[in-house]
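Per UniProt numbering, residue 1 is the first one in the sequence shown, and the count goes up by one each step. Just so it is clear, CB atoms sit at the ideal spot from N, CA and C, and this is done for glycine as well.
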Amino acid sequence: MSDRVKKHRALKNYMDNRSHPPNTPSLLIDNDHDHNNLSSETIVNSVVNKENNYGAFVSDNESSFNDCVDDSNQSIYPAESEVIISNETDTDNSDSNNQSIAEENAVNPDTIREKLRLSKEYIELKFTEMSKKLDKMKFSLLYEIQKQGGNIKTQVIMNSASILTYGEKDVNTCIRKTLSEVITPEVQQFYSGAGRMIRGEGKLNFNATKTYVCLSDIIQKKFGDSDQTKNLRSSVGSFLANFGDRDGSKRKRA
């Protein structure tokens with residue numbers, strides 16, 4: 001049993017005895033005896049013994065009571081005051097620690113300005129990089145649009161050639177029907193089968209166009225590897241060279 005518990009129990013007994021003086025019958029007479037059978041002398045002796053025992057008890061435990069009882073106010077326990085003082089000391093230490101932590105966490109104004117400067121430079125750098133990416137995307141997007149547009153045109157030519165040559169048995173007829181629908185005579189006059197010089201004037205090479213590639217694919221699928229497909233370039237050249245002889249107009253030779 002700890003010293004504090006012992007002192008507390010001693011204090012309780014002491015306070016109980018003070019609230020019930022030794023002359024109280026309940027403290028002087030043992031309830032196990034028959035009160036009527038005791039003589040007055042026996043009762044007096046019992047009172048004296050109780051008082052002597054009580055005085056000896058107080059004398060033996062006086063040092064313990066001094067630690068726990070305040071004579072000016074018997075209801076005050078110095079031990080509790082010690083606990084309160086200890087708690088106040090802990091609170092002061094906690095406040096001191098919090099103040100020290102706050103001082104350590106205090107930010108230097110120069111540090112703040114430096115961080116702001118670095119953040120500004122970082123943002124400017126990111127905006128510059130983003131602008132460059134957007135500029136590249138513009139060219140890339142334009143290329144994709146042109147590419148998709150070219151693919152659409154190619155698909156239109158392929159579909160037109162397939163429809164116009166459906167059921168035909170002659171390559172020249174397929175060339176005439178397809179090119180007459182795809183390109184006008186005004187455009188035909190600027191092209192030749194191989195782009196060679198004619199009468200000192202150069203013409204564009206029709207064999208290098210996507211229109212020719214589409215027409216060639218259709219002819220190859222329709223007629224296979226025949227003599228007519230092998231002479232396809234010369235047949236296309238002859239059709240372009242005679243653009244002025246068609247539709248009943250005056251004959252014009254390139």
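In whole angstroms, give me the CA-to-CA distance for ARG176 and GLY202.
23 Å
Within 8 Å, do at least three Cβ pairs link the stretch 219 to 235 to the stretch 168 to 175?
yes
What is the DSSP secondary structure of ASN231, reduced to helix, strand or coil?
coil
Between ILE183 and THR211, which are expected to be in contact by the criterion C-beta below 8 Å, what is the C-beta distance as a whole number of angstroms?
7 Å
Which residues in the same chain have their Cβ closer than 6 Å to the Cβ of GLN189, if we skip the five residues on either side of it in sequence?
PHE243
Rounded to the nearest angstrom, what separates VAL156 and LEU116 at their Cα positions?
59 Å
Which first and last residues belong to the alpha helix (DSSP H) in which ILE218 is found?
210 to 223
For the candidate residues THR111, LEU240, THR128 and GLU129, whose alpha-carbon lies nearest to that of PRO185?
LEU240
Whole-angstrom Cβ separation of ALA161 and THR178, contact assumed at under 8 Å?
5 Å
Between the alpha carbons of residue 327 and GLY237, how many angstroms are there, rounded?
In the structure as shown, the chain begins at 1 and stops at 254. Residue 327 is therefore absent and cannot be evaluated.
Measuring alpha carbon to alpha carbon, tell me which of LEU232, GLU144, THR209 and THR229 ends up nearest VAL187.
THR209
Express the C-alpha separation of LEU118 and GLY150 in angstroms, rounding to a whole number.
48 Å
For the alpha helix (DSSP H) containing GLU168, list its first residue and its last residue.
Element bounds for GLU168: n/a, residue is neither H nor E.
Just mark SER192 as buried or exposed, buried being the case when its beta carbon has 16 or more other beta carbons within 10 Å.
buried
LEU164 and GLU181 - do their beta-carbons sit closer together than 8 Å?
yes
Using a threshold of 8 Å, state whether the C-beta atoms of ILE218 and MET130 are closer than that.
no
Between the CA atoms of LYS132 and ARG113 - distance to the nearest angstrom:
29 Å
If you draw a straight line from the alpha carbon of SER234 to that of LEU134, how long is it in whole angstroms?
48 Å
Straight-line CA distance for PHE206 to TYR166?
23 Å
Can you tell me whether GLY149 is helix, strand or coil according to DSSP?
helix
N- and C-terminal bounds of the alpha helix (DSSP H) containing GLN189:
Careful: GLN189 lies outside any alpha helix (DSSP H) and carries neither H nor E.
Pull up the distance between the alpha-carbon of GLU121 and that of THR111, whole angstroms please.
16 Å
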